[in-house]
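Chemist: Take a look at the following structure, please.
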Amino acid sequence: MILGGLQKFSLADYPGKTCAILFTRGCNFRCPYCHNPELVWPERYTQKISMENTLAFLENRRGLLDAVTVTGGEPCLQPDLPDLLVKLKRMGFAVKLDTNGSFPEKLWDVIVGGLVDYVAMDIKAPLAKYARVSAVDLPVEPIRASIALLLEGRVDYEFRTTVDCELLDEEDLLAIGEDIRGARKYYLQKLNAYDAKGVNPALRTQDSDWLQDVALKLGVFVEHCSVR
Ligand code: SF4
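FYI, the numbering for the sequence shown is 1 to 228, going by full-length UniProt numbering.
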């Protein structure tokens, strides 16, 4: 397990819970708006942080924090992800896993193993156009399988899409709605490139009214859709 970062406290990353955030290093996607390039691009990797110290910190937060979010990068790339999740569960934390959904077998293992309480899966683009945003030539079937797995409802989950209006239009977002039809929660995330450390500084924020309008239309496909 390679950790690239630790955020010691967040009120915003686990629905309804206080949490710490662990950032794993390495990702198989290259989204142009990525806010964590130091976890994605090997030439930009920063020093890894100590797992021992991180676990000691969390041990001291038992009873003070509700949860731990494991994010990336892509956490499912880490071979020993289940071992970490077991340790977090033994400490009594609720566990949220953020994933790009490209490793459905791993996702299955941690869900049926009871190692995660909440999964947030990024939906980068309509399945038919995935590479436009992921910027890698990978098969889309694993993404489809992860969507189907979460739709089974074995664990609480959300789907979410970062909306870069240079890459996705309304038609694309409605196509995503079709891809995740029946989902409980779907969030459109506003891209704020001016705050990002991303690799494409030319990206712009999009119009909030337009996004709200699209979220309303997506309500046909999912139980809840909103902008954040
Ligand atoms: S999947 Fe997430 S971490 Fe990986 S490149 Fe895309 S935005 Fe960055």
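The C-beta atom is built at its ideal place from N, Cα and C for all residues, glycine as well.
1. Use the C-beta contact count for Gln7: other C-beta atoms within 10 angstroms, 16 or more gives buried, fewer gives exposed.
2. Starting from Lys185, follow the beta strand (DSSP E) in both directions and report where the run begins and ends.
3. Quick check on this structure: which residue in Thr162, Ala183, Leu167, Gly182 has the alpha carbon closest to the alpha carbon of Val227?
4. Any chance you could list the alpha helix (DSSP H) runs of at least 4 consecutive residues sitting entirely within the stretch 98 to 185, in chain order?
5. Which same chain residues, not among the five before or five after Gly92, have their C-beta less than 7 Å away from its C-beta?
6. Could you tell me the distance, in whole angstroms, from the CA atom of Glu178 to the CA atom of Phe221?
7. Between the stretch 151 to 160 and the stretch 112 to 120, can you find at least three pairs of beta-carbon atoms closer than 8 Å?
8. Kindly indicate which three-state DSSP category Val68 falls into: helix, strand or coil?
9. Which one of Glu171, Glu74, Ala131, Pro126 has the shortest CA to CA distance from Asp107?
10. By the 10 Å Cβ neighbour count, where 16 or more other Cβ atoms means buried, how is Asp80 classified, buried or exposed?
11. With respect to 7 Å, is the separation between the Cβ of Phe159 and the closest non-hydrogen atom of the ligand PLP below this value?
12. Which runs of the alpha helix (DSSP H) spanning at least 4 residues fall entirely within the stretch 12 to 76, listed in chain order?
13. Kindly list the residues whose CB is nearer than 6 Å to the CB of Lys185, restricted to its own chain and excluding five residues on each side of it in sequence; keep chain order.
14. Closer than 8 Å is the cut-off here; do at least three beta carbon pairs connect the stretch 83 to 92 with the stretch 125 to 139?
15. Among Thr24, Lys190, Pro104, which residue has its Cα nearest to the Cα of Leu150?
16. Name the one or two DSSP bridge partners that Lys96 has.
17. Could you say which of Ile143, Val136, Phe23 lies nearest to Glu38 if we only look at CA atoms?
Modeler: Here's the rundown:
1. The residue labelled residue 7 in the question sits at position 7 within the sequence shown. By the Cβ-count criterion, Gln7 is exposed, with fewer than 16 other Cβ atoms from all chains shown falling within 10 Å of its own Cβ.
2. Mapped onto the sequence shown, residue 185 falls at position 185. From DSSP, the beta strand (DSSP E) with Lys185 extends over 185 to 190.
3. Against the sequence shown, residue 227 aligns to sequence position 227. Nearest of Thr162, Ala183, Leu167, Gly182 to Val227, Cα basis: Thr162.
4. Those alpha helix (DSSP H) runs which fall completely within the stretch 98 to 185 and span 4+ residues are 104 to 112, 131 to 134, 141 to 151, 170 to 179.
5. Translated into the one-based positions of the sequence shown, residue 92 becomes position 92. Contacts found: Arg62.
6. As a first step, residue 178 must be located in the sequence shown, where it is residue number 178. As a first step, residue 221 must be located in the sequence shown, where it is residue number 221. Near 6 Å, if we compare the C-alpha coordinates of Phe221 and Glu178.
7. Counting C-beta pairs with one atom in each stretch, the stretch 112 to 120 and the stretch 151 to 160 have three or more that are closer than 8 Å, which means they touch.
8. Here residue 68 corresponds to residue number 68 of the sequence shown, with the count starting at 1. In the three-state reduction of the DSSP assignment, Val68 falls in the strand class.
9. Your numbering for residue 107 matches position 107 in the sequence shown. According to the sequence provided, residue 107 is Leu. The question's Asp does not apply to it. For Leu107, the nearest C-alpha among the options comes from Glu74.
10. Locating residue 80 in the sequence shown gives position 80, counting from the first residue. Taking a 10 Å sphere around the C-beta of Asp80, we find fewer than 16 other C-beta atoms and assign the residue as exposed.
11. By its list of ligands, the structure shown excludes the ligand PLP, since it contains just the ligand SF4.
12. Listed in chain order, the complete alpha helix (DSSP H) runs (minimum 4 residues) inside the stretch 12 to 76 are 51 to 60.
13. One-based indexing of the sequence shown puts residue 185 at position 185. Counting only Cβ-Cβ distances below 6 Å, and skipping sequence neighbours, we find Glu158, His224.
14. With the cut-off at 8 Å, the stretch 83 to 92 and the stretch 125 to 139 do not touch.
15. Start at 1 with the first residue of the sequence shown, and residue 150 comes out as number 150. Nearest neighbour of Leu150 by Cα position, chosen from Thr24, Lys190, Pro104, turns out to be Pro104.
16. Taking the sequence shown and counting its residues from 1, one reaches residue 96 at position 96. Paired residues: Thr69, Tyr118.
17. Here residue 38 refers to the residue found at position 38 when the sequence shown is read from its first residue. Closest option to Glu38, Cα to Cα, is Phe23.
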